[in-house]
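In what follows, a structure is listed as structure tokens, so that the remarks can point back to it.
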Amino acid sequence: MTVRILGISSLVTLALTVWLGIWVTPPDRVQGDLVRLVYIHPPIAWVALYLATGIATLASLAWLWSRSRSPYWDRLAASSIEVAVVFTALTLVTGSIWGRPTWGVWWAWDARLTTTALLLVVLLGILAIRRIPADPETRARRSALAVIIAAVDVPIIHFSVVWWKTLHQSATVLNANLQPTIHGSMAWTLLLGFVAVTLLFFWMLAMRMRIERLTDALEGAELTDALEERWAEGAPEVEGVAR
Amino acid sequence: MWRDALLVAGKDLRIELRSRVVLNQVGPFGVLVLVLFAFALGPAPAPMLQAAPGLFWVAVLFAGLLAVQRSFALESGDRGDGLRLAGLDPAGIFLGKAAAVVAELAVLEVLLGAGVVLFYGARLHSVGVVAAACLAGTLGVAATGILYGALSSGLRVRETLLPFLLLPAVAPILLAGTRAWQAAMSGGQPVWPWLVTLSVFAVVYLALGVLIFGPLQEST
Chain P
17 MTVRILGISS LVTLALTVWL GIWVTPPDRV QGDLVRLVYI HPPIAWVALY
67 LATGIATLAS LAWLWSRSRS PYWDRLAASS IEVAVVFTAL TLVTGSIWGR
117 PTWGVWWAWD ARLTTTALLL VVLLGILAIR RIPADPETRA RRSALAVIIA
167 AVDVPIIHFS VVWWKTLHQS ATVLNANLQP TIHGSMAWTL LLGFVAVTLL
217 FFWMLAMRMR IERLTDALEG AELTDALEER WAEGAPEVEG VAR
Chain W
34 MWRDALLVAG KDLRIELRSR VVLNQVGPFG VLVLVLFAFA LGPAPAPMLQ
84 AAPGLFWVAV LFAGLLAVQR SFALESGDRG DGLRLAGLDP AGIFLGKAAA
134 VVAELAVLEV LLGAGVVLFY GARLHSVGVV AAACLAGTLG VAATGILYGA
184 LSSGLRVRET LLPFLLLPAV APILLAGTRA WQAAMSGGQP VWPWLVTLSV
234 FAVVYLALGV LIFGPLQEST
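From first to last, the protein sequence lines are chains P and W. Everything in the first sequence is counted per our numbering, starting at 17 for the first residue and increasing by one. Everything in the second sequence is counted per our numbering, starting at 34 for the first residue and increasing by one.
Here it is as structure tokens:
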């Protein structure tokens, strides 16, 4: 039920964002209609770079800490990494679409772009680790450790690349002196965009976790069935006698 | 922990001294990488000179990858659980294996450094900066390499998995090491941010390895 409410509210807020973003808000003085990407691209990037990866890191820590260890945290980490891959790829795609007309190139070796691309590769590596067949506990341990090793790396990658080169415009909302450089209807639409994409993320996360839970249950059930079949193979005569 | 680290490093290096796999196979491979890049860049000296610092570090990363694979191949198969059964401190095993890889890579880096100077005509103005960058960068490569090596050791897909995991993770070393070398070659550019980045990377991963190598060993 909660999942359904999440899904519906994300759909509604997304539709509102699209309506406000395309028809209601004015074009930008410098960027014209291109600025409308601002209602989608930063929210997606926020989910990809902070929310999803943050949840994956915390869930992995929770799994590794023996007192709170439970399959729940592994499912949460696995699901948020998968959703993070989708959102990181979307960040790169929407950023590319925005970069081509404004910067004149699809791709630039800018700090944030490079960090995001490396993050995508690192996340794909963790997914590759999860695909290696193993018993659930080993797989959970491997994946949690891989997440921790990668989580330590991402800030270092970010700062080294920032020093390396920077072209991307600085943050609009969360800048150093917390003075947003966006106003009026555009600011509200951007805020709505953040809410909508965040809701969408949590809905996808919840759906993904349900799939994970059902897969686990199915594997358990298959094992039980297989065991029962093997028992039944040796048992018919005994059953016949009993009847 | 330190005593176990010394034991493990001594064991790995003794095997290397007797088998000479890293020196006789990985070393020539690193030099070959430099030669191949020279072919790719063409015979003009200017682009080669410009690319020299980056190519040195790319060659170091490739060689480091092979050194890490070799380090875990020593304990593959029947000997897989030997180190764990010996009751050694996991942190000691981590530091020992990393130290052995650092020692092997240090020899290779001298070789590759000579290769860069000979083939590409690079001139290193401040040898101190070069040495400091190499030391910090190599510690970082070895620490991350041993962590990811342990994560992928014993898996059937380890040969393909390890480069996929390790190379993006050590991207900061490639960036910072290259910049430090460029500063050492031309002079005048700021060098401290890069040496700090390399050192922070190395310290963070050495500390992380000491903390998590125990559970990491259980995951194979």
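C-beta atoms are modelled at their ideal positions from N, C-alpha and C, and glycine is treated no differently. Computed from a predicted model, the values in this text were never measured in an experiment.
Assigned exposure category for residue i - 16 Cβ within 10 Å defines buried
i, result
"W:ALA73", "exposed"
"P:LEU194", "Per-residue confidence for P:LEU194 stands at a pLDDT of 49, beneath the threshold of 50, marking its modelled position as unreliable; no derived number is given."
"P:ARG158", "buried"
"W:ALA42", "buried"
"P:ILE172", "buried"
"W:ALA77", "exposed"
"P:ILE21", "exposed"
"W:VAL163", "buried"
"W:LEU69", "exposed"
"P:THR69", "buried"
"P:LEU239", "exposed"
"W:GLY170", "buried"
"W:ALA119", "exposed"
"P:ILE227", "exposed"
"W:GLY220", "exposed"
"P:LEU139", "buried"
Residue range of the unbroken alpha helix (DSSP H) whose run includes residue i
i, result
"W:ALA73", "60-74"
"W:ASP37", "35-52"
"P:ARG128", "127-147"
"P:ASP169", "152-180"
"P:ILE71", "69-80"
"P:THR41", "From DSSP, P:THR41 is part of no alpha helix (DSSP H); its letter is neither H nor E."
"P:MET17", "No alpha helix (DSSP H) holds P:MET17; DSSP gives it neither H nor E."
"W:ILE206", "204-219"
"W:LEU231", "225-251"
"P:SER112", "87-119"
"P:HIS57", "57-62"
"P:TRP12", "Outside the shown range of chain P (17 to 259) lies residue 12 of chain P, about which nothing can therefore be said."
"P:TYR66", "Unbroken run through P:TYR66: none, as it is neither H nor E."
"W:VAL174", "160-185"
Neighbouring residues, chain W, relative to residue i (Cβ below 7 Å)
i, result
"P:VAL137", "PRO201"
"P:SER176", "PRO205, LEU208, ALA209, THR230"
"P:ARG85", "Going along chain W, no residue has its Cβ under 7 Å from P:ARG85, so there is no contact; the nearest lies around 11 Å."
Distance CB(residue i)-CB(residue j) smaller than 9 Å
i, j, result
"P:MET223", "P:VAL19", "yes"
"W:GLY161", "W:PHE105", "no"
"P:VAL168", "P:THR131", "no"
"W:ALA38", "W:GLY97", "no"
"W:LEU88", "W:VAL64", "no"
"W:VAL233", "W:GLY178", "no"
"W:LEU184", "W:LEU198", "yes"
"W:VAL140", "W:GLY60", "yes"
"P:LEU53", "P:THR205", "no"
"W:ALA92", "W:GLY148", "yes"
"P:ILE60", "P:THR107", "yes"
"P:THR9", "P:ALA212", "Residue 9 of chain P lies beyond the residue range present for chain P, which begins at 17 and ends at 259; the question has no answer from this structure."
Partners in chain P for residue i, counting only beta-carbon separations shorter than 8 Å
i, result
"W:VAL233", "ILE172"
"W:SER219", "In chain order: nothing, as chain P lies at least about 17 Å away."
Chain-ordered neighbours of residue i on chain W, where CB pairs are closer than 9 Å
i, result
"P:LEU80", "ILE245, PRO248"
Beta-carbon neighbours of residue i, restricted to chain P and to distances below 9 Å
i, result
"W:LEU94", "The contacting residues do not exist; W:LEU94 stays about 14 Å from chain P at best."
"W:LEU184", "ILE145, ARG158, LEU161, ALA162, ILE165"
"W:LEU194", "GLY141, ALA144, ILE145, ILE148"
Under 8 Å by beta carbon: chain W residues contacting residue i
i, result
"P:VAL168", "VAL237, TYR238, LEU241"
"P:LEU134", "PRO201, ALA204"
The ligand MG heavy atom lying under 8 Å from the CB of residue i
i, result
"W:VAL41", "Because no ligand of any kind appears in the structure shown, any question about the ligand MG cannot be addressed here."
Amino acids of chain P, ordered along the chain, whose beta-carbon sits closer than 7 Å to that of residue i
i, result
"W:PRO226", "TRP179"
"W:PHE197", "GLY141, ALA144"
"W:LEU188", "ILE148"
"W:LEU180", "ILE165"
### Task
Scan the region 94-125 of chain W and note each continuous alpha helix (DSSP H) run of 4 residues or more that stays entirely inside, going in chain order.
Qualifying alpha helix (DSSP H) stretches, in chain order: 115-118.
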